[in-house]
Amino acid sequence: MPAFVFPRNTTETASDPYGIDQVNGFYGSGAWASWIIALMSSWISIFKGERRLTYDLIASLLYTNWAGIDLLRQFYHNEPSLGPIAAAVFVAYSGFANIVLQYCYMLNANIKNDRDSSMVERVIGAATILPWSGVLLVLFYLTKNEELMQTDVHGKLYGDLVTYHFQTAMKVGAVGTIVVVTATSIYASTDPGSMFRLAGTTFPITSVFASIIIAMFSIMVYVYFLFEILRTNAERSDCYFLIPCTTQSISDWDQAFALVCALVMVVKEMGPGVYRAALRYR
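So the sequence shown is numbered by our numbering: it starts at 29 and just counts up by one.
Structure (structure tokens):
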């Protein structure tokens, strides 16, 4: 994802046109960092060949799905604002993309190694529903809601969001899909027949996820415009996507606690293996 810029300190401005002050502490610095750590740790476990619901995988799936629930909640209570929407969309969209890639990797690994799908794959597949629904709802809502988008602050980008060339979006989707397919082909190059077995034995699932991957990369164009709305008129440029657009500080107790929990989970999952490796090379 590009380094989208957010205004971090809204107390210096006369108004809060983006609703940054309304962003929940769930997207604060500590919780945000915990989610990033959980994502990275879950990938390490998957690359090691583990097929179980680790603490890090569970935490990353829960955080992503809670962002999807938050998007649905905002629209259900009819209180959408660009600040809370942007924070939730980033987590829901990025988490969804991560889940899809993890599912595709594990599915292909199962076919390559002649393994049956486990509960982990089913849980990961089911975890795509809420964040995907939330992101789609946001895109449909923003393209229809002129009252929210056409303001003195960011009205110009409303037309860009609605009229941005569909062909460009599809090109991005095609390029992203080609990258995923190429990476999968390289991974399966030691056993070329695995790709044919994957397509033949799991054709319905393969078709569904191929469509989702194309849509995922295509929607990236519109998600970029959502973040661009926040970035374009930001008075400060010292807050990027790895530093969330919230007023909470990492020194707050709840944020610090979330970060400590993530570090404890990483140590619990990876500590024993690191310790055994250290003993072998001692």
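C-beta atoms are modelled at their ideal positions from N, C-alpha and C, and glycine is treated no differently.
- Straight-line measurement puts the Cα of Gly299 at about 27 Å from the Cα of Val119.
- The Cβ atoms of Leu67 and Asn126 lie closer than 9 Å to each other.
- For Ser57, the number of other beta carbons within 10 angstroms of its own is at least 16, and it is reported as buried.
- Thr82 carries a coil assignment under DSSP once its states are collapsed to helix, strand and coil.
- A direct Cα-to-Cα measurement between Gly77 and Asp49 gives close to 42 Å.
- DSSP places Ser277 outside both helix and strand once states are collapsed to three, so it counts as coil.
- The beta-carbon separation of Leu307 and Ser62, rounded to 29 Å, does not stay under the 8 Å limit for a contact.
- Burial is judged here by how many other beta carbons sit within 10 angstroms of a residue's own beta carbon; Tyr309 has fewer than 16 and is exposed.
- By the Cβ neighbour-count rule, Gly123 is buried, with 16 or more other Cβ atoms within 10 Å of its own.
- Secondary structure of Lys76 (DSSP, three-state): coil.
- With a cutoff of 9 Å on beta-carbon distance, Ile157 and Leu85 are scored as not near each other.
- Taking a 10 Å sphere around the C-beta of Tyr121, we find 16 or more other C-beta atoms and assign the residue as buried.
- Considering only Tyr133, Phe54, Val166 and Ala114, the residue with the shortest C-alpha distance to Tyr91 is Phe54.
- Counting along the chain, Val151 sits inside the alpha helix (DSSP H) bounded by residues Met147 to Ala154.
- Asp98 is classed as buried because its beta carbon has at least 16 other beta carbons within 10 Å across all chains shown.
- Just so you know, the alpha carbons of Met293 and Leu100 end up roughly 29 Å apart.
- DSSP places Ser109 outside both helix and strand once states are collapsed to three, so it counts as coil.
- Note on geometry: alpha-carbon atoms of Pro112 and Ser146 lie some 36 Å from one another.
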